[in-house]
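To get this note's numbering, take the position in the sequence shown, counting from 1, and add 5.
Glycine included, every Cβ here is placed at the ideal spot set by N, Cα and C.
As the structure is a computational prediction, the values presented were derived from the model and not from experiment.
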Amino acid sequence: MVVCQASKIHLPTPFASPSSSKTPTSLLFEPHSFSLALSHSDSSLSLFPSISFPFSSTQKSLSIPPPSSSSTFLLLKTQKSPNPRVLFVVAGPYKGGSKVLLRFFLYRNDGSKAFEKAKVVVSKQKGIEFDDKVGVLIDVSHGLKLIISGSVNFFALYSVSSSKVLIFGVNLVVDTDESDDGIAFKLMKFAVIDCLKPVFSISISFEWLVLGEENGVKVWNLRELVKGKKVKKVKNYGLSNGVIGDNNGVSNGGSSTSEIVSNGHLDGKIEKPSVSVKPRSGKHRQESAEPGACFVPFEPKEFKGLTSAKASSMSLKAISIQPLSSKRFLILDTVGDLFVLHVTDTTVGSDVTCYMRLLPHVMKVQMMAVFPDISSRRQTVWISDGHHSMHVVDISSAVNETDKREIVQAIFTSEKIQDMIPTAANSILILGQGNPWFLSSKGILSYFTTCLSNTGMEACMHMLFPKVVRQPYLFVW
6 MVVCQASKIH LPTPFASPSS SKTPTSLLFE PHSFSLALSH SDSSLSLFPS ISFPFSSTQK
66 SLSIPPPSSS STFLLLKTQK SPNPRVLFVV AGPYKGGSKV LLRFFLYRND GSKAFEKAKV
126 VVSKQKGIEF DDKVGVLIDV SHGLKLIISG SVNFFALYSV SSSKVLIFGV NLVVDTDESD
186 DGIAFKLMKF AVIDCLKPVF SISISFEWLV LGEENGVKVW NLRELVKGKK VKKVKNYGLS
246 NGVIGDNNGV SNGGSSTSEI VSNGHLDGKI EKPSVSVKPR SGKHRQESAE PGACFVPFEP
306 KEFKGLTSAK ASSMSLKAIS IQPLSSKRFL ILDTVGDLFV LHVTDTTVGS DVTCYMRLLP
366 HVMKVQMMAV FPDISSRRQT VWISDGHHSM HVVDISSAVN ETDKREIVQA IFTSEKIQDM
426 IPTAANSILI LGQGNPWFLS SKGILSYFTT CLSNTGMEAC MHMLFPKVVR QPYLFVW
């Protein structure tokens, strides 16, 4: 018998009000700081630091005014500090969409458990400027759609109208007192990918950049993508990207010969306040066959009811990419099929070897949620048809095909599932529609677990919601 507990999360007013225009539309969760970000229908955001369950209606939050079109959490890791810093990045249009506005919010590690506007130092690079009134301005057109994806020390931004993917690195700048009040970070552009084909999704994590394209995905080795170039006769001692040289990269003045390596961000080097140099960003082409990049097509599959000519011309798009581990990614295409992407790269600078496998499943998937946990042998994936059902899948069984029981649980709800995000290996946050409710170990929950153990995947949980209000729910088992 599987024990499952579900509870409704009460959102602070005015977001819980049916008449409010600020209804939640999507979720983001950061497991290190246990922070939750809610996107609203008016393109504003609510940022909740260090949430706990049961969720209190008095939970403090930071309201981020519109416009915001995409956002992501970013971890700042360094070699000297074992505890990473959490950064929240918000992207939106500026001046009618002619530029992209980036706003940054830093999670304080001083016990206050709060987000605040981050102090930003912008490198002297073309197309990037800092406005102390609004934030960081990127000289690319916003257009109708913008995608941003963050990982550790890096984040990627894709502009549909500009047909470019920009890779940014973030490096801590530690002041003399090294307190939260003296911490800022430097933003640098490391690479630009010119795209001739449309990109539908992006994932940047574990030193890989994966672009969702038509009929497959493009995989880039992040270290190769942002690899720096040698710059000779650098004046003063300000080196922005981590330095390989004598005296830990600090000279006694005058000119010196050093090698600027942008992979210092991957290695987590801290930068001290100094006179900065102008970093160089690499330029790449989406269709190029350069080292450290490869295109992986979807597995051929049969389309029922279609002739071979129509099936061959049918275009599949990779609309969602979620990392499973350092070498595996879960891919969702437009017809609701799931694929596992395997990436191997034995030596730095060598060609990337990739292959993709189609996963068995019993529904046409519309959304998926993954909690990356490299330490666990059994990895759980949540999939939903976008209506009223969610399956809990043992991804290890599905990939290895060890048995036909890859579906661990099935949960049916009476309200439509709008979004979902895992908060741990055994819990998930679901954004649905419904009236306030709470499930305990008795009553409805007892009925649900009994049905699940007696009839397998035919279990059904009935709940009535007289009002329609978008609310998140937490499931734990």
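Quick one: what's got a C-beta closer than 6 Å to residue i's C-beta in the same chain, skipping five residues either side?
i                 : result
aspartate 426     : At residue 426 the sequence reads isoleucine, which differs from the aspartate that was named. Only Leu32, Phe34, Ala374, Leu434 meet the Cβ criterion.
serine 168        : Cys200
isoleucine 153    : Ser75, Thr77, Ala96, Leu162
alanine 189       : Lys124, Val126, Val178
leucine 80        : Pro89, Val157
phenylalanine 344 : Ile336, Met361, Leu363
Pull up the CB-CB distance for residue i and residue j, whole angstroms please, since I reckon it's below 8 Å.
i              : j              : result
valine 95      : arginine 113   : Not really, about 18 Å apart at Cβ, beyond 8 Å.
leucine 151    : serine 206     : About 13 Å; that fails the 8 Å criterion.
valine 157     : valine 348     : 17 Å between Cβ atoms; not a contact.
leucine 106    : leucine 92     : Contact flag wrong, Cβ pair sits at about 16 Å.
serine 51      : serine 66      : 5 Å
glutamine 371  : aspartate 390  : 6 Å
histidine 147  : proline 89     : That pair is no contact at about 30 Å.
proline 29     : serine 49      : Contact flag wrong, Cβ pair sits at about 11 Å.
glutamate 304  : leucine 363    : 5 Å
leucine 321    : asparagine 220 : 5 Å
tyrosine 99    : valine 145     : Not quite, the Cβ-Cβ distance comes to about 11 Å (not below 8 Å), so this is no contact.
glycine 155    : leucine 230    : 16 Å between Cβ atoms; not a contact.
isoleucine 198 : valine 170     : 4 Å
serine 208     : glutamine 64   : The pair is not a contact, with the Cβ atoms about 29 Å apart (cut-off 8 Å).
Name, in chain order, the residues that DSSP records as bridge partners for residue i.
i              : result
serine 210     : Trp213
histidine 289  : Ile198
glycine 97     : Leu106
asparagine 176 : Lys191
arginine 333   : His347
aspartate 47   : Bridge partners of aspartate 47: none, in fact.
serine 66      : BP columns for serine 66 are empty, so no partner.
alanine 374    : Trp387
isoleucine 133 : Ile143
methionine 395 : Ser389, Ile416
How would you call residue i, buried or exposed, if buried means at least 16 neighbouring beta carbons within 10 angstroms?
i              : result
tyrosine 360   : exposed
glycine 129    : Checking the sequence, you will find lysine at residue 129 rather than glycine. By the neighbour-count rule (16 or more Cβ atoms within 10 Å), lysine 129 is not buried but exposed.
valine 178     : buried
isoleucine 265 : Its pLDDT being 33, under 50, isoleucine 265 is placed unreliably in this model, and the value from its coordinates should be taken loosely. Result: buried.
lysine 131     : exposed
valine 367     : exposed
proline 302    : exposed
proline 87     : exposed
lysine 27      : buried
serine 103     : exposed
aspartate 424  : buried
In chain order, what residues of the same chain lie with their CB nearer than 8 Å to the CB of residue i, ignoring the 5 residues before and after it?
i                 : result
leucine 149       : Val165, Ser166
cysteine 299      : Lys223, Val224, Asp356, Val357, Thr358, Cys359
phenylalanine 173 : Phe159, Phe160, Ala161, Leu162, Leu192, Met193, Lys194, Phe195
isoleucine 324    : Phe205, Ser206, Gly217, Leu337, Asp338, Thr339
At the 8 Å Cβ level, is residue i part of the contact set with chain D, yes or no?
i            : result
histidine 45 : No chain D is part of this structure, which consists of one protein chain only.
Mind checking whether the beta-carbon of residue i lies closer than 7 Å to any heavy atom of the ligand MG?
i          : result
valine 398 : This structure simply doesn't include the ligand MG, nor any ligand for that matter.
Which runs of the beta strand (DSSP E), 3 residues or longer, sit entirely within the stretch 139-172? 140-143, 151-155, 159-164
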